[in-house]
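A.B. asks: Those letters in the sequence shown? Residues 5 to 165, by my numbering.
Glycine included, C-beta positions come from ideal geometry on N, C-alpha and C.
Treat the numbers as computed from the prediction; the structure is a model and nothing was measured.
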Amino acid sequence: MAATPAGGGCHCGAVVLQIRGTLRPPINCHCGLCRRLSGAAFTTWLSVPVEVLLVQGEAELVSYRPTPNLQRLFCRHCGTHVLTRDARCQHIAGLPAGVMADADVPAPSGEYFTSHKAPWYSLPASAPCFGGNTGVEPLPRPFDAGGTRSRDDDHCHVLMP
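1) Can you say whether Thr-47 is buried or exposed, counting buried as having 16 or more other CB atoms within 10 angstroms of its CB?
2) Tell me which residue opens and which closes the beta strand (DSSP E) that Cys-79 is part of.
3) Classify Gly-83 as buried or exposed, calling it buried when 16 or more other Cβ atoms lie within 10 Å of its own Cβ.
4) Between Cys-16 and Val-86, how many whole angstroms is the CB-CB distance? I'm expecting something under 8 Å.
5) Across the region 36 to 50 and the region 122 to 129, are there enough close Cβ pairs to call them in contact, namely three or more that are closer than 8 Å?
6) Please report how far the alpha carbon of Gly-102 lies from the alpha carbon of Asn-73, in whole angstroms.
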């Protein structure tokens, strides 16, 4: 686990993040929304209670709402996606783990929405996997790669443990 406080922020430094507490292990999300918005096979998310998250430069953030519940916040200068808020879980902020470059981020605790993963990506053999209709149902190993679904799924679990 990371020592306190943990720091990070955007590429240009206009937005600085500080977490006053221990970082929980992140998760990797393979949902279609995370894949499309990140341009990668998955997004690695940290779930952080808002009461321990300090955001300096919040006036430099602009937002995009990919769904009615989700608000993704980006630095207006460099475009870094620094955090996500979900109206269904207002006490938690989702941070892309890469923005916490100055922190000792633990290894991911699992792979979520694996039923929606990119067909060309192979899941780590030892990672706990979750998928199915909800995206968070435990899946037996080995994962059946034939179970991959389309990119049209937009129900991200960014705030799940």
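C.D. replies: Judging by the given coordinates:
1) So Thr-47 ends up on the buried side.
2) Its beta strand (DSSP E) spans residues 74 to 79.
3) The residue in question, Gly-83, is exposed, as its Cβ has fewer than 16 Cβ neighbours within 10 Å.
4) About 11 Å; that fails the 8 Å criterion.
5) Because the criterion of three Cβ pairs below 8 Å is met, the region 36 to 50 and the region 122 to 129 touch.
6) When rounded, the separation of the alpha-carbon atoms in Gly-102 and Asn-73 is 23 Å.
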